[in-house]
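Okay, structure first, notes after.
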């Protein structure tokens, strides 16, 4: 496939000079799921990466997994930073299912939280599967397999019943079939969908009725944003700033957010970078009526020069 020729979503200004731009696609849906604003190739399949985790988590519940707490459900839908509370929760989920860290199929990693990573290095600790940012998802996948009576061996194979259920669920929630399946960074199958389908899927969670799997995931994620991301992370801070908002980022420049009664925003930056995601996401959220004062800390990022700030990263007009 050829990469779409997308417009500029974000600009980087240094001392009044346009230094860099970030191109991509962005869609805004209203509360009914109708497209009210679209920029770029919003119907072309892309890889949502970890932005799909909240929708994937509903498949674990449908398989029969009963989390012992909303914290377990939140980390199942999250990309944590490997802080002690994250690692301990993932390990306790495995133990509750009669499993252990070696059962995880995600690769070993150091914590992504910089302070925690430094602590590990000073202590001479080596990378661990439980510290990998997807270990909560993998612990939940394994827990779902145990609950459903499916084998835990090979749980990351696309043909495994769990992965088949996840693939079907993503297509159903997004309103379009999965167009490709690849291997994600954590080793699990990753499913190609358009940013419009990504937005529809996450919107379906916050709009779901109480007592449903979708609503349970949405409520858990919003109640425990630290378990979804970590200390100082954009998703943690933005969910704390905007009441009722569900936010989930993914690798390679993907982000999605949904607000009940308002709608959803999803985007993909062509360069796969992180710098432009928050300004673009906030521009979309502003179209949903989120107050500017709540978005202000995230909408414009400073550009440093010498000992001061000489520019900004902001959404393109």
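Numbering (my numbering), first residue to last: 1 to 317.
Idealized CB from N, CA, C, for every residue including glycine.
What you are looking at is a predicted structure, and each value in this text was computed from that prediction instead of being measured.
Are residue i and residue j touching if we call contact CB-CB under 9 Å?
i           : j           : result
residue 228 : residue 97  : no
residue 25  : residue 4   : yes
residue 223 : residue 90  : no
residue 9   : residue 39  : yes
residue 14  : residue 271 : no
residue 258 : residue 199 : yes
residue 103 : residue 142 : yes
residue 171 : residue 178 : yes
residue 247 : residue 57  : no
residue 242 : residue 206 : no
residue 93  : residue 148 : no
residue 59  : residue 87  : no
residue 315 : residue 282 : yes
residue 12  : residue 312 : yes
residue 249 : residue 275 : no
Using a Cβ-Cβ cut-off of 7 Å (strictly less than) and excluding sequence neighbours within five positions of residue i, which residues of its own chain qualify?
i           : result
residue 83  : 111, 113, 116, 230 and 231
residue 225 : 235, 236, 239 and 240
residue 127 : 108, 109 and 110
residue 71  : 89, 224 and 227
residue 221 : 54, 74, 77, 228 and 246
DSSP three-state call for residue i: helix, strand or coil?
i           : result
residue 160 : coil
residue 30  : strand
residue 233 : coil
residue 196 : helix
residue 119 : helix
residue 3   : coil
residue 190 : strand
residue 51  : helix
residue 406 : No answer is possible for residue 406: it lies beyond the span of the chain, which begins at 1 and ends at 317.
residue 44  : coil
residue 99  : coil
residue 266 : strand
residue 297 : helix
residue 303 : strand
residue 172 : helix
residue 224 : coil
Contact defined as beta carbons within less than 8 Å: I believe residue i pairs with residue j. What is the distance between those atoms, to the nearest angstrom?
i           : j           : result
residue 48  : residue 254 : 6 Å
residue 182 : residue 266 : About 19 Å; that fails the 8 Å criterion.
residue 30  : residue 263 : 4 Å
residue 233 : residue 81  : 6 Å
residue 244 : residue 260 : 6 Å
residue 27  : residue 42  : 4 Å
residue 168 : residue 45  : That belief does not hold up - the Cβ atoms of residue 168 and residue 45 are roughly 17 Å apart, past 8 Å.
Quick one: what's got a C-beta closer than 6 Å to residue i's C-beta in the same chain, skipping five residues either side?
i           : result
residue 156 : 105, 187 and 188
residue 174 : 193, 197, 200 and 201
residue 145 : 152, 155 and 162
residue 19  : 12
Closer than 8 Å by C-beta to residue i: which residues in its own chain qualify, once you throw out the five before and the five after it? Chain order, please.
i           : result
residue 286 : 292, 295 and 299
residue 310 : 14, 15, 303 and 304
Practice prompt. May I ask you to verify whether the segment 64-74 touches the segment 285-303, counting CB pairs closer than 8 Å and requiring at least 3?
Written response: No: the two stretches stay apart, fewer than three of their Cβ pairs being nearer than 8 Å.
Discussion item. Can you confirm whether the segment 238-254 touches the segment 48-59 when touching is taken to mean that 3 or more C-beta pairs between the two stretches lie within less than 8 Å?
Written reply: By the Cβ test, the segment 48-59 is in contact with the segment 238-254, since at least three Cβ pairs between them sit closer than 8 Å.
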